[in-house]
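Notes follow the structure.
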Amino acid sequence: MASWQAAAQKASTDPSTHFDAIIIGAGVSGLYQLYKLRELGLKVLVFETGTGVGGTWYWNRYPGARFDSESYTYGYSFSPELLEEWDWAERFAPQPETERYLNHVADRFDLRRDIQFRSRVAAAHYQEETRSWDVMLEDGRRYCTRLLITAIGVLSAPTMPRIAGVDTFEGQSCHTHYWPKEGVSFDGKRVAVIGTGATAVQTIQEVAKTAGQLTVFQRTPQWCAPLHNDRIGADEMRRIRAGYPEIFARCGDTPGCFIHAPDPRATHEVTQQEREAFWEKLYAEPGFGIWQGNFRDILVDREANALVSDFIARKIRQRVKDPAVADKLIPKNHGFGTRRVPLETRYYEVYNQPNVTLVDINETPIERITPSGVKTSDAEYEFDLIIYATGFDAITGSFDRIDIRGVDGCRLKDKWKSGPQTFLGILVEGFPNMLMVMGPHAGLGNFPRAAEYSVDWVTGLVRHAHDRGLTRIEPTSAGVAEWTSHVMAMGEGLLMNEIDSWMTGVNRNVEGKETRKIMRYSGGHPAFREHCDAVAADGYRKLSLA
Ligand SMILES: Cc1cc2nc3c(=O)[nH]c(=O)nc-3n(C[C@H](O)[C@H](O)[C@H](O)COP(=O)(O)OP(=O)(O)OC[C@H]3O[C@@H](n4cnc5c(N)ncnc54)[C@H](O)[C@@H]3O)c2cc1C
16 MASWQAAAQK ASTDPSTHFD AIIIGAGVSG LYQLYKLREL GLKVLVFETG TGVGGTWYWN
76 RYPGARFDSE SYTYGYSFSP ELLEEWDWAE RFAPQPETER YLNHVADRFD LRRDIQFRSR
136 VAAAHYQEET RSWDVMLEDG RRYCTRLLIT AIGVLSAPTM PRIAGVDTFE GQSCHTHYWP
196 KEGVSFDGKR VAVIGTGATA VQTIQEVAKT AGQLTVFQRT PQWCAPLHND RIGADEMRRI
256 RAGYPEIFAR CGDTPGCFIH APDPRATHEV TQQEREAFWE KLYAEPGFGI WQGNFRDILV
316 DREANALVSD FIARKIRQRV KDPAVADKLI PKNHGFGTRR VPLETRYYEV YNQPNVTLVD
376 INETPIERIT PSGVKTSDAE YEFDLIIYAT GFDAITGSFD RIDIRGVDGC RLKDKWKSGP
436 QTFLGILVEG FPNMLMVMGP HAGLGNFPRA AEYSVDWVTG LVRHAHDRGL TRIEPTSAGV
496 AEWTSHVMAM GEGLLMNEID SWMTGVNRNV EGKETRKIMR YSGGHPAFRE HCDAVAADGY
556 RKLSLA
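Counting from 16, one number per residue, gives the positions in the sequence shown under this note's numbering.
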């Protein structure tokens with residue numbers, strides 16, 4: 016232990032700036048990683064841009080922000096005491112409840128003493144002589160660490176639209192990610208929402224309740240499905256608590272770590288009547304069942320996908336009174352489930368309200384934001400408030416915003432220019448001692464289930480290195496090539512990978528993110544874990560350790 020730390024401390028004599036591990040990010044991933052590294056007795060520090068813990072659930076305070084995962088499948092599973100004492104109030108918890116939960120976790124495990132808030136990491140440079148990382152904060156503070164652990168989130172680098180005049184608007188405007196803590200009133204106001212992704216859907220259905228006039232600017236309609244949220248009463252919570260082992264085991268068995276497992280049948284193996292009945296049942300059930308628990312082929316078989324898309328399109332037509340508006344709300348350029356499915360509560364009915372207007376910006380593009388509102392190709396709209404629900408530079412965006420340089424000053428951003436290359440989504444060749452919790456080319460899904468595994472695996476590797484006095488951890492070229500080609504192979508044939516979306520790394524508001532890439536592992540979590548477990552069981556011989 017002493018020799019492991021000493022190497023990191025050679026470069027300076029100030030112990031207050033030298034750490035065994037620096038973790039970036041205090042969301043679900045960073046908090047658990049801190050907890051686990053403390054168990055190893057390491058000297059750990061977390062840097063977090065925000066002023067509190069929670070990551071996604073600290074930042075996204077927009078009206079209607081809530082889980083699409085069932086709350087009780089989302090909480091941490093690592094502590095029986097935590098499971099015992101925490102009651103979820105809603106089936107799909109709203110942002111304040113989840114933020115409270117993550118604050119409770121931070122307090123319960125006394126995590127805050129090792130977290131520095133208001134501390135954005137601007138740069139991290141690897142130093143070969145000391146096998147350590149120099150970490151620079153935006154405000155100029157500098158630190159040194161043996162291990163650099165990124166827990167910076169897949170949806171944490173918000174993007175504004177590339178529309179002229181954004182800075183000229185004289186009313187109030189905000190991005191959903193940076194929603195003001197004190198809240199925003201919509202009472203009687205003229206409100207614009209730009210964007211119609213999952214966040215926008217949650218925002219729109221809430222704003223429409225009180226806004227004087229709501230105008231939604233839509234570029235890409237989404238296939239939304241009902242959330243069916245409800246309160247969780249004391250009896251139900253007791254049942255959930257008693258069932259936690261089965262709940263977590265079931266999540267562990269599904270490809271996306273959700274409670275919903277794909278139906279083993281193919282769409283064409285059943286009659287049309289059976290299909291319709293099955294889809295009606297899924298549509299009436301809470302959560303992602305209609306997406307994650309559907310026939311096994313809806314995301315790989317074009318015909319199957321067309322049938323389920325047609326089913327959802329009929330639902331939209333039934334729910335939206337004006338057929339022309341309904342038609343605009345039905346996606347034409349992608350099939351159901353090939354983008355992240357937003358779950359909604361009376362979203363489609365919003366468009367039946369007299370105070371709501373839908374503007375299709377493919378027909379009438381936005382030309383600019385003006386001091387008083389929005390100018391499209393055929394009209395000028397005046398607003399009191401503009402809400403930008405324009406999403407994130409996903410998966411690699413938060414990496415791109417840090418100047419990360421590895422061996423010989425190589426920039427991570429350059430290395431990943433044509434797409435991420437990793438070993439297990441955790442390690443990058445040429446960036447020794449950098450470990451990514453839920454990095455690109457790991458599997459996405461019900462996040463904490465996957466993140467807990469990722470943290471545990473990282474912790475196992477750190478323990479292995481630490482126990483043996485190894486101070487340099489790097490993947491091999493062969494290992495990275497093997498994993499990258501496996502990730503590519505797993506992505507073949509998936510309809511999702513033929514569609515522009517944040518899941519395929521496309522964001523038209525970010526330069527260089529115009530073309531599709533394989534950004535995540537799509538072989539499913541059970542297979543992902545098998546790969547990672549095999550590497551650990553083999554004594555990490557696939558890595559270069561020194
Ligand atoms: C609106 C919304 C709804 C979602 N709903 C669900 C859901 O229902 N189910 C689900 O499974 N997932 C959902 N997600 C995904 C969600 O991001 C994950 O569930 C999870 O919260 C990610 O945790 P994390 O700790 O890995 O990252 P994050 O929660 O994103 O935390 C990363 C933290 O790192 C900090 N950070 C980043 N860069 C730096 C830097 N350079 N210096 C210092 N700090 C930095 C950020 O400030 C942030 O606090 C949702 C995401 C969004 C945006």
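For each residue, glycine too, the CB sits at the ideal point set by N, CA and C.
For Glu-318, three-class secondary structure by DSSP: Here Glu-318 carries a helix assignment [DSSP, helix/strand/coil].
- request: Would you check if the distance between the CB atom of Val-470 and the CB atom of Lys-58 is smaller than 7 Å?
  value: No; because the gap between Cβ atoms is not below 7 Å, this pair is not in contact.
8 Å contact criterion, which Gly-42 and Ala-166 should meet: CB distance rounded: Confirmed, about 7 Å.
- request: Please say whether Trp-103 and Phe-87 have beta carbons closer to each other than 7 Å?
  value: In the sequence as displayed, the identity of residue 87 is Tyr instead of Phe. Tyr-87 places its beta carbon less than 7 Å from that of Trp-103.
task: Find the nearest neighbour of Ala-493 within the set Asn-448, Glu-444 and Phe-310, judged by alpha-carbon distance.
output: Among Asn-448, Glu-444 and Phe-310, the Cα nearest to that of Ala-493 belongs to Glu-444.
- request: Return the CA-CA distance between Thr-64 and Pro-176, expressed in angstroms with no decimal places.
  value: Cα to Cα, Thr-64 sits roughly 22 Å from Pro-176.
Proximity to Gln-110 [Cα-Cα], best of Asp-122, Ser-500, Arg-128 and Gln-217: Of Asp-122, Ser-500, Arg-128 and Gln-217, the smallest CA-CA separation from Gln-110 is found for Gln-217.
query: Whole-angstrom Cβ separation of Gly-412 and Ala-172, contact assumed at under 8 Å?
result: With a beta-carbon spacing of about 3 Å, Gly-412 and Ala-172 fall inside the 8 Å limit used to define contacts.
message: Relative to the C-alpha of Tyr-61, which candidate in Arg-81, Gly-79, His-33 and Trp-72 has its C-alpha closest?
response: It is worth fixing the name first, because residue 61 is Val in this sequence and not Tyr. Comparing Cα positions, the closest option is His-33.
- prompt: Among His-456, Arg-483 and Leu-485, which one has its Cα closest to the Cα of Thr-499?
  reply: For Thr-499, the closest of His-456, Arg-483 and Leu-485 by C-alpha to C-alpha distance is His-456.
message: On the criterion of 16 or more Cβ atoms from any shown chain inside 10 Å, does Gln-220 qualify as buried, or is it exposed?
response: Per the 10 Å Cβ criterion, buried.
- prompt: From what residue to what residue does the beta strand (DSSP E) around Tyr-141 run?
  reply: For Tyr-141, the enclosing beta strand (DSSP E) stretches over residues 136 to 142.
query: Lys-390 by DSSP, collapsed to three states: which one?
result: Here Lys-390 sits in strand by DSSP.
- prompt: Can the beta-carbon of Leu-163 be found closer than 7 Å to that of Met-449?
  reply: The answer is yes: Cβ separation under 7 Å.
query: Which of the three DSSP states, helix, strand or coil, is assigned to Ile-327?
result: The answer is helix: DSSP assigns Ile-327 an H, G or I state.
query: Is the Cβ-Cβ distance between Ser-391 and Ile-402 less than 7 Å?
result: Note that residue 391 is Thr in the sequence shown, not Ser. Taking 7 Å as the Cβ cut-off, Thr-391 and Ile-402 do not qualify as a contacting pair.
message: At a cut-off of 6 Å, would you count Met-151 as near ligand 1, judging by its Cβ distance to the nearest heavy atom?
response: Checking the Cβ of Met-151 against ligand 1 gives no.
- prompt: What residues are listed by DSSP as bridge partners for Tyr-158?
  reply: Looking at the DSSP assignment, Tyr-158 forms a beta bridge with Val-150.
task: Ignore the nearest five residues each way along the sequence and tell me which others in Phe-124's own chain have a CB closer than 7 Å to its CB.
output: The residues are Tyr-50.
message: Using only CA atoms, which one of Leu-117, Arg-544 and Ala-240 lies nearest to Glu-295?
response: Of the listed residues, the one whose Cα sits closest to Glu-295 is Ala-240.
message: Going by the DSSP bridge assignment, what does Leu-163 pair with across the sheet?
response: Residue pairing from DSSP places Leu-163 in a beta bridge opposite Ile-37 and Met-449.
Phe-414, DSSP secondary structure in three states: In this structure, Phe-414 counts as helix in the three-state DSSP scheme.
- prompt: In terms of DSSP beta bridges, what is Val-206 paired with?
  reply: Bridge partners of Val-206 according to DSSP: Leu-229 and Leu-400.
- request: To the nearest angstrom, report how far apart Arg-361 and Phe-107 are at their CA atoms.
  value: Taking the straight line joining both Cα atoms gives about 15 Å.
DSSP-derived helix/strand/coil call for Ser-92: In the structure shown, Ser-92 sits in coil (DSSP, three-state: anything other than H, G, I, E or B).
message: I need the straight-line Cα distance from Val-473 to Ile-441, nearest angstrom please.
response: CA-to-CA, the gap between Val-473 and Ile-441 works out to about 8 Å.
message: According to DSSP, Ile-305 sits in a beta bridge with which residue or residues?
response: Note: Ile-305 sits in no beta bridge, so no partner.
field: Burial state of Gly-554, where buried means 16 or more other Cβ atoms lie within 10 Å
entry: Under a 10 Å Cβ-count criterion, Gly-554 is classified as exposed, with fewer than 16 other Cβ atoms of the shown protein chains found around its own Cβ.
- request: Determine the contact status of Gln-307 and Phe-263, defining contact as a CB-CB distance below 7 Å.
  value: No, they are not a contact pair.
query: By Cβ distance, which residues of its chain are closer than 7 Å to Gln-368, with the 5 residues on each side in sequence left out?
result: Taking Gln-368 as the centre and dropping the five residues before and after it, the same chain places the C-beta of Ala-223 closer than 7 Å to its C-beta, in chain order.
query: Does ligand 1 have even one heavy atom less than 6 Å from the beta-carbon of Val-43?
result: Proximity of the beta carbon of Val-43 to ligand 1 is indicated: a heavy atom of the ligand is located closer than 6 Å.
- request: Give a yes or no on contact between the segment 482 to 496 and the segment 296 to 304, applying the rule of three or more CB pairs nearer than 8 Å.
  value: The count of Cβ pairs closer than 8 Å, one atom from the segment 482 to 496 and one from the segment 296 to 304, stays below three, leaving the stretches out of contact.
query: Exposed or buried, which one is Val-422 when buried takes at least 16 other CB atoms within 10 Å?
result: So Val-422 ends up on the exposed side.
query: Considering only residues of the same chain and omitting the five flanking positions on each side of Ile-38, which have a CB-CB separation below 7 Å?
result: Once the five neighbours on either side are set aside, the close Cβ partners of Ile-38 are Gly-45, Gln-48, Leu-49, Val-59, Val-61, Ile-164 and Ala-166.
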